[in-house]
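Reviewing the structure listed below.
There are 2 protein chains.
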Amino acid sequence: MSGTLFLVGVGPGDPELLTLKAVRVLGAAEVIAYPVTGDGAALALEIAGAHVRAGALRLPIEMPMAVERAPGQAAYDAAVAKIAAHLAAGRRVAWLCEGDPLFYGSAMYVLARLAGRAQIEIVPGVTSLTAAAAAAARPLAARNEVLKVLPAPLDDARLRAELMGAEAVAIIKVGRHFDRIRALLEETGHAAGAIVIEHATTAGQRVTPLAAFGPGERPYFSTILCYRGAEAWGE
Amino acid sequence: MSGTLFLVGVGPGDPELLTLKAVRVLGAAEVIAYPVTGDGAALALEIAGAHVRAGALRLPIEMPMAVERAPGQAAYDAAVAKIAAHLAAGRRVAWLCEGDPLFYGSAMYVLARLAGRAQIEIVPGVTSLTAAAAAAARPLAARNEVLKVLPAPLDDARLRAELMGAEAVAIIKVGRHFDRIRALLEETGHAAGAIVIEHATTAGQRVTPLAAFGPGERPYFSTILCYRGAEAWGE
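Chains A and B supply the protein sequences, listed in that same order. Residue numbers for the first sequence follow our numbering, beginning at 736 and rising by one. Residue numbers for the second sequence follow our numbering, beginning at 736 and rising by one.
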């Protein structure tokens, strides 16, 4: 295949957090592939749309939201077949990724199917993780502290084990797990200093101490940061 | 203080990985503060220099490399006093940070001293972590996997405990700890798949399987990525 596939991180939401490299690559790609979720949203395209080359072919890729493996694999097989045809025709194809392509992103599924078969270039992007820290104006981690990124859907036993004694933690994919995560943070001594960041870097950004959420209140699309390192911030 | 302090992530090394926002902020700041290490290097300024406003005042901040706390704290006290004077005079001051300001960065020391006293805006940047993954073309983490960032200077017991059973690990600040880290990765079953990334996104970038380093060979300025998640990459 004589074309090139670019896996492009478009950052956490603010279009100004695209890199200069992402802007250059999007301005040159003849084909723009982007995920579309069940509700029709195409967030990566919304973020980066202004920089897409005029006349570029748009290739929406419908993402199944099923938890099972098979539908997801079939969707990626189909998406990659379409992309491969464009690469075989010598085109530059950009696959848009929210945040960074390789930080909990969909790019790994494309990589796994095309690595070794096509020229692939990865353009790293600003993650929702550092965007959340910037919004909260708090360190993610410093010095020789361990930073743990914990997806909220993990079971209680694993989360509890990772939280115990941790100095710097980011909990991602909080969604409907909020009440359970809050109880675990209380149990492991993280709740008092925890900060909830919703929709970092977008118009809907909201930064709230975990303790300020009343019973029954829940944040949407959020990351929770816990930091008790660097001598608890006195350094 | 009527000025504004911008803590600006300039990314991992490639000047094209600055964000549009970083470029805008640097083009408007009247004062540019940047760390200078003992050997005279000013890497953050080298990365971002092309976007600094013509005529901006340059404020090099000498960073003591001492491990003890006191000299570092005195250096930050002195640096912040200079910045505060510019902020009091109503100026826009940009503090350049390699990678992201709050991901193992120096910005926390500035934040701790000025939070609540001055207007501060944080511009997140691309980290060396996602840059390393992009260079290696491998996932950092996916799905509901835990990602651990482990600074190499930590003691063996802590590193061993964190490595045991981990699915996705990034080891940072490897430097002179390479031989010890390699032994720990062998002991905990991570060595076979580990990748060493040196100088990600710069002209000196080199990506090498850990297993390819001969005895006595050591990488410089590197990150080591270990990934055995997503059903060991078959997804």
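Where a beta carbon is used, it is the ideal one built from N, C-alpha and C, also for glycine. Predicted model only: the values in this text are computed from it and were never measured.
Problem - Status (buried if at least 16 other CB within 10 Å, exposed otherwise) for Arg852/B - result: Translated into positions along the second sequence, residue 852/B becomes position 117. Exposed, by the Cβ-count rule.
Handout entry: Limits of the beta strand (DSSP E) - the one that Ser957/A falls within
Key = Numbered from its first residue, the first sequence carries residue 957/A at position 222. Its beta strand (DSSP E) spans residues 957–962.
Problem - Distance, Ala901/B Cα to Gly924/B Cα - result: Along the second sequence, one-based indexing puts residue 924/B at 189. Along the second sequence, one-based indexing puts residue 901/B at 166. C-alpha separation (whole angstroms): 10 angstroms.
Practice task
State whether the region 828–842 of chain A contacts the region 887–897 of chain A, with contact taken as three or more CB pairs (one from each stretch) at a distance under 8 angstroms.
Solution key: no
Practice task
Assign Asp891/A to buried or exposed, taking buried as 16 or more other Cβ atoms, counted over all protein chains shown, within 10 Å of its Cβ.
Solution key: For this step, residue 891/A is matched to residue 156 along the first sequence. By the neighbour-count rule (16 or more Cβ atoms within 10 Å), Asp891/A is not buried but exposed.
Practice task
Thinking Leu753/B and Leu755/A are a contact (beta carbons under 8 angstroms), I'd like their distance in whole angstroms, please.
Solution key: Counted from its first residue, the second sequence places residue 753/B at position 18. Counted from its first residue, the first sequence places residue 755/A at position 20. That belief holds up - the Cβ atoms of Leu753/B and Leu755/A are roughly 6 angstroms apart, short of 8 angstroms.
Handout entry: Completely contained alpha helix (DSSP H) runs for the region 742–809 of chain B, where each covers 4 or more residues
Key = Whole alpha helix (DSSP H) segments, 4+ residues: 755–763, 778–783.
Problem - Per-residue DSSP class, three states only, for Arg941/B - result: Start at 1 with the first residue of the second sequence, and residue 941/B comes out as number 206. It is a strand residue.
Exercise for the section: Return the residue from the list Pro836/B, Val787/B, Ala866/B, Ile906/B that minimises the CA-CA distance to Val858/A. Expected result: Locating residue 858/A in the first sequence gives position 123, where the first residue counts as 1. With distances taken between Cα atoms, Val858/A lies closest to Ala866/B.
Exercise for the section: Could you confirm whether any beta carbon from chain B is found closer than 9 angstroms to the beta carbon of Met798/A? Expected result: What you label residue 798/A is simply residue 63 of the first sequence in a count that begins at 1. Chain B contact via Cβ: absent.
Exercise for the section: Determine the contact status of Val837/A and Leu960/A, defining contact as a CB-CB distance below 9 angstroms. Expected result: By one-based count along the first sequence, residue 837/A stands at place 102. By one-based count along the first sequence, residue 960/A stands at place 225. The residue you asked about is not Val; residue 837/A is Leu in the sequence shown. Their beta carbons are not under 9 angstroms apart, which means Leu837/A does not touch Leu960/A by this criterion.
Exercise for the section: Return no unless some Cβ of chain B is closer than 9 angstroms to the Cβ of Tyr839/A. Expected result: Here residue 839/A refers to the residue found at position 104 of the first sequence. Cβ-Cβ to chain B under 9 angstroms: yes for Tyr839/A.
Handout entry: Completely contained beta strand (DSSP E) runs for the region 843–883 of chain B, where each covers 3 or more residues
Key = 854–858
Practice task
Under 6 angstroms Cβ to Cβ from Leu920/B, same chain only, skipping five residues before and after it: list those, please.
Solution key: Translated into positions along the second sequence, residue 920/B becomes position 185. So the qualifying residues of the chain are Ala926, Ala929.
Exercise for the section: Compute the distance between the beta-carbons of Glu897/A and Thr739/A, then report whether it is under 9 angstroms. Expected result: Reading the first sequence from its first residue, position 162 is the one you call residue 897/A. Reading the first sequence from its first residue, position 4 is the one you call residue 739/A. No; because the gap between Cβ atoms is not below 9 angstroms, this pair is not in contact.
Problem - Simplified DSSP state of Glu933/B, which is helix, strand or coil - result: Working through the second sequence from its first residue, we reach residue 933/B at position 198. Residue state, collapsed to three classes: strand.
Practice task
Quick one: residues in its chain with C-beta nearer than 7 angstroms to the C-beta of Arg911/A, no 5 flanking neighbours on either side, listed in chain order?
Solution key: Locating residue 911/A in the first sequence gives position 176, counting from the first residue. Closer than 7 angstroms at Cβ, skipping near neighbours: no residue.
Handout entry: Terminal residues of the alpha helix (DSSP H) in which Leu831/A lies
Key = For the purposes of this step, residue 831/A is taken as the residue at position 96 of the first sequence. Premise fails: Leu831/A lies in the beta strand (DSSP E), 827–832, not in any alpha helix (DSSP H).
Practice task
With DSSP collapsed to three states, give me the class of Ala887/A.
Solution key: Position 152 of the first sequence holds residue 887/A. Residue state, collapsed to three classes: coil.
Practice task
For chain B, find out if any of its Cβ atoms is closer than 9 angstroms to the Cβ of Val858/A; answer yes or no.
Solution key: Walking along the first sequence from the start, residue 858/A turns up at place 123. Put simply, the CB of Val858/A is near chain B, with a gap under 9 angstroms to one of its CB atoms.
Exercise for the section: Within its chain, find whatever has a CB closer than 7 angstroms to the CB of Gly939/A; leave out the 5 residues flanking it on each side and keep chain order. Expected result: Here residue 939/A corresponds to residue number 204 of the first sequence, with the count starting at 1. Taken in chain order, the residues that qualify are Glu933.
Problem - Test: Arg826/A CB closer than 9 angstroms to a CB of chain B - result: Here residue 826/A refers to the residue found at position 91 when the first sequence is read from its first residue. Not an interface residue.
Exercise for the section: Could you work out which residues of chain B lie near Val904/A, taking near to mean beta carbons separated by less than 9 angstroms? Expected result: Taking the first residue of the first sequence as position 1, residue 904/A is located at position 169. Near Val904/A there are no residues of chain B at all, since even the closest Cβ is about 10 angstroms away, more than 9 angstroms.
Exercise for the section: Check Leu837/B in the structure and name its three-state DSSP category. Expected result: Translated into the one-based positions of the second sequence, residue 837/B becomes position 102. It is coil, neither helix nor strand.
Handout entry: Through-space distance from Ile906/B to Ala810/B, alpha-carbon basis
Key = Stepping through the second sequence from its first residue, residue 810/B is reached at position 75. Stepping through the second sequence from its first residue, residue 906/B is reached at position 171. Spanning the two alpha carbons is a distance of roughly 28 angstroms.
Practice task
Assign Asp774/A to buried or exposed, taking buried as 16 or more other Cβ atoms, counted over all protein chains shown, within 10 Å of its Cβ.
Solution key: For the purposes of this step, residue 774/A is taken as the residue at position 39 of the first sequence. Exposed.
Exercise for the section: Name, please, each residue of chain A whose Cβ falls closer than 8 angstroms to the Cβ of Ile812/B. Expected result: Taking the second sequence and counting its residues from 1, the one referred to as residue 812/B is at position 77. First, the amino acid is wrong: residue 812/B is Asp here, not Ile. Neighbours of Asp812/B on chain A: none; closest Cβ ~11 angstroms, over 8 angstroms.
Practice task
With DSSP as the reference, label Val904/A as helix, strand or coil.
Solution key: As a first step, residue 904/A is located in the first sequence; it is residue number 169 there, counting from the start. DSSP places Val904/A in strand when its eight states are reduced to three.
Practice task
Between the Cα of Trp830/B and those of Ala869/B, Ala824/B, Gly744/B, spot the shortest distance and give me the residue it belongs to.
Solution key: Residue 830/B sits at position 95 when you count from the first residue of the second sequence. Here the closest residue by C-alpha is Gly744/B.
Practice task
Let me know if Gly949/A comes out buried or exposed under the rule of 16 or more other beta-carbons within 10 Å of its beta-carbon.
Solution key: Residue numbering aside, residue 949/A sits at position 214 when the first sequence is read from its first letter. Exposed is the call here.
Problem - Interface partners of Asp835/A on chain B, CB under 7 angstroms - result: As a working note, residue 835/A is residue 100 in the first sequence. For Asp835/A, the chain B residues whose Cβ falls inside 7 angstroms of its Cβ are Thr865, in order along the chain.
Practice task
For Ile916/B, collect the residues of the same chain with a Cβ closer than 7 angstroms to its Cβ; drop the 5 residues on either side in sequence, then sort them by chain order.
Solution key: Within the second sequence, numbered from 1, the residue matching residue 916/B stands at position 181. Contacts found: Ala887, Ile906, Val909, Ile959.
Practice task
Could you tell me which residues DSSP pairs with Thr739/B in its beta bridges?
Solution key: Working through the second sequence from its first residue, we reach residue 739/B at position 4. Partner(s): Arg827/B, Gln854/B.
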